[in-house]
Amino acid sequence: MAEARRKLGTTTMTRAVSACLLFLALCLLTLIAGACSGGGDNGDDNPFGIKSEVVTPAANADAIEFAPDGRLFFVEHWTGAIRVVGADGKLLADPFFTLTDVTAGIGWGLSGLAIDPSFATNHYVYALYTQLVRAGPPTVGKPVVVRLTDNNNVGTDQLVLVSNLPETDPEHPFNANGSLHFGPDGRLYFTLGDYDKAQALGPTGKPLSQDLGTPIGKMLRVNKEDGSPPPDNPFVRDPSADPRIYAYGFRGAINFTVNPKTKRIYAIDNTGLTCEGVVTIEAGANYAWPNVGTFPFNDCAIGRTQTPLGYLTQQGRRPEDFQSAPGSTGTEFISGSVYKVLGDSLVVCESGTQLLRRLVLAPPNFDKITANDVIAKNCWLDVTVGPDGLVYYANLTEIRRLPRPPESPSPSQS
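All residue numbers for the sequence shown refer to the numbering used here, where the first residue is 84 and numbers rise by one.
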């Protein structure tokens, strides 16, 4: 009887979360239709005097990255194409490369892109995408990491670095692969969500995101040369663990970035509905999901072993309020030497509010949010910083840029 109740509770929570995700997905598709017809609101009515400008058309650019020579690479979530904007600002007519075996949906597709730190000499570009396994219906895919070599704006010599990752569940087509970035140590880091199976059990009998025997719900760290686990990964000596795991306990396939001053990894973690918090990612750390209470997860302290630096919410909401999460996607650190009115800060793109906001973190440890301001509208997907130090961000139809602003005091710091 107890086991039956447990299964009933698990099923109820899973269905509730899935229903909410389906509702949000439908809302998103409605918004997409509006955005595609008019490009969204780029009013840029912020207190800093910053105005954005269009760089290039771009269809659902989940990831955008600069090469050191000034070229901008970006992915198309749905088509599998990787495209290039030349250093002269012009979009090249032909894709850099197209992953023809991609399968895409909400929460899976071509989602990650990274440029090798030694790109100037080796010309390597890396991508994280969902590879089609069975066309169905229903469709089944699995995350894959590949490496390409740039040869005059054409991707060549495709090499699969990581492919032994779990297949998606056709009944839960959400939260598969996410972001791909280089860490400060030159290793490749990438994220997998919980596959929308919060309470499903892994090989050692724990919920998938808590089970070290599976990469689901984890941040993984691998060698860029061959996708193997580095010898200093936190669980590499645990025979029951996937040796590629760097951190665990995640619901979504979180995006993340590296603080250039402290070399620590920062990310936005959430339940999908509430308690969306800025966290630092530590080796071997547990970020609690799904052990965060019961639906709708309205106590942000339950189960948390890593205290967030602060929480992000939709306007007028508290972190614990139902559907308060703004749906943060891309995140990046920017320099006050370029944006004096903003200062050194963390910028975050929010798909739920379509806002780009800056967060000021208190030095010297950068472990507390001291200011939180909107700096642009219509930011849906990713954000990065170019070789010129300027902020570039993506919405559903284009990539935009924040030019150097007028020099005036920051409202949050005056």
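Backbone N, C-alpha and C define an ideal beta-carbon position, used for all residues, glycine too.
In this text the structure is predicted, and so the values were computed from the model without any measurement.
Residue i burial status per 10 Å Cβ neighbour count (16 or more: buried)
| i | result |
| --- | --- |
| S201 | exposed |
| D233 | buried |
| I385 | exposed |
| A218 | exposed |
| T204 | exposed |
| A408 | buried |
| R401 | exposed |
| F156 | buried |
| F405 | exposed |
| Q214 | buried |
| R320 | exposed |
| A170 | exposed |
| G399 | exposed |
| S434 | buried |
| V137 | exposed |
| P298 | buried |
| T412 | buried |
| D128 | exposed |
| G192 | buried |
| R487 | exposed |
| T377 | exposed |
| S323 | exposed |
| P256 | buried |
Three-state secondary structure assigned by DSSP to residue i
| i | result |
| --- | --- |
| L175 | coil |
| N260 | strand |
| T414 | strand |
| T232 | strand |
| Q214 | strand |
| Q282 | coil |
| Q398 | coil |
| A203 | helix |
| Q241 | strand |
| L303 | strand |
| L291 | helix |
| F380 | coil |
| G435 | coil |
| E250 | coil |
| L356 | coil |
| F405 | coil |
| L271 | strand |
| A146 | coil |
| F339 | strand |
| I385 | coil |
| Y422 | coil |
| F318 | coil |
| Y329 | strand |
| F131 | coil |
| T181 | strand |
| K344 | coil |
| L104 | The pLDDT assigned to L104 is 47, lower than 50, so where the model puts this residue is not dependable; a value taken from the coordinates is nonetheless given after this. Correct three-state label for L104: helix. |
| G122 | Interpretation of G122 is limited by its pLDDT of 43, a score under 50 that renders its predicted location unreliable; no figure is taken from the coordinates. |
Per DSSP, the bridge partner or partners of residue i
| i | result |
| --- | --- |
| S428 | I417 |
| G393 | V361 |
| V208 | I198, L231 |
| G190 | DSSP lists no partner for G190. |
| V168 | L155, L174 |
| R484 | E136, Y475 |
| T467 | Y475 |
| N455 | L442 |
| I351 | V361 |
| P226 | T213 |
| V375 | Bridge partners of V375: none, in fact. |
| N369 | Y331 |
| F449 | In the DSSP output, where bridge partners are listed per residue, F449 has none listed. |
Expected contact under 8 Å - CB spacing of residue i and residue j to nearest Å
| i | j | result |
| --- | --- | --- |
| T414 | I351 | 6 Å |
| I458 | R440 | 6 Å |
| F449 | N316 | About 25 Å separates the two Cβ atoms, so there is no contact after all. |
| L244 | V223 | That pair is no contact at about 21 Å. |
| G261 | A336 | 2 Å |
| Q303 | F273 | A small correction: the amino acid at residue 303 is Leu; Gln does not occupy that position in the sequence shown. Sure, about 6 Å apart at Cβ, within 8 Å. |
| D427 | R334 | Wrong, their Cβ atoms sit about 29 Å apart, outside the cutoff. |
Are the segment 139-146 and the segment 469-481 in contact at 8 Å, needing three or more beta carbon pairs?
-> yes
Does the segment 173-185 come close enough to the segment 229-249 to have 3 or more Cβ pairs within less than 8 Å?
-> Counting C-beta pairs closer than 8 Å gives three or more between the segment 173-185 and the segment 229-249, which meets the contact rule.
Stretch pair the segment 363-377 + the segment 285-303: three plus CB contacts closer than 8 Å | Segments in contact, yes.
Inspect the CB distances between the segment 351-361 and the segment 322-329 and report whether three or more fall short of 8 Å.
-> Between the segment 351-361 and the segment 322-329, the count of Cβ pairs shorter than 8 Å is below three; the stretches do not touch.
Flag this pair as touching only if the segment 298-317 and the segment 380-399 have three or more C-beta atom pairs under 8 Å; answer yes or no.
-> Not touching, per the Cβ criterion.
How about the segment 410-423 and the segment 457-472: do they share at least three Cβ pairs that are nearer than 8 Å?
-> Touching, yes.
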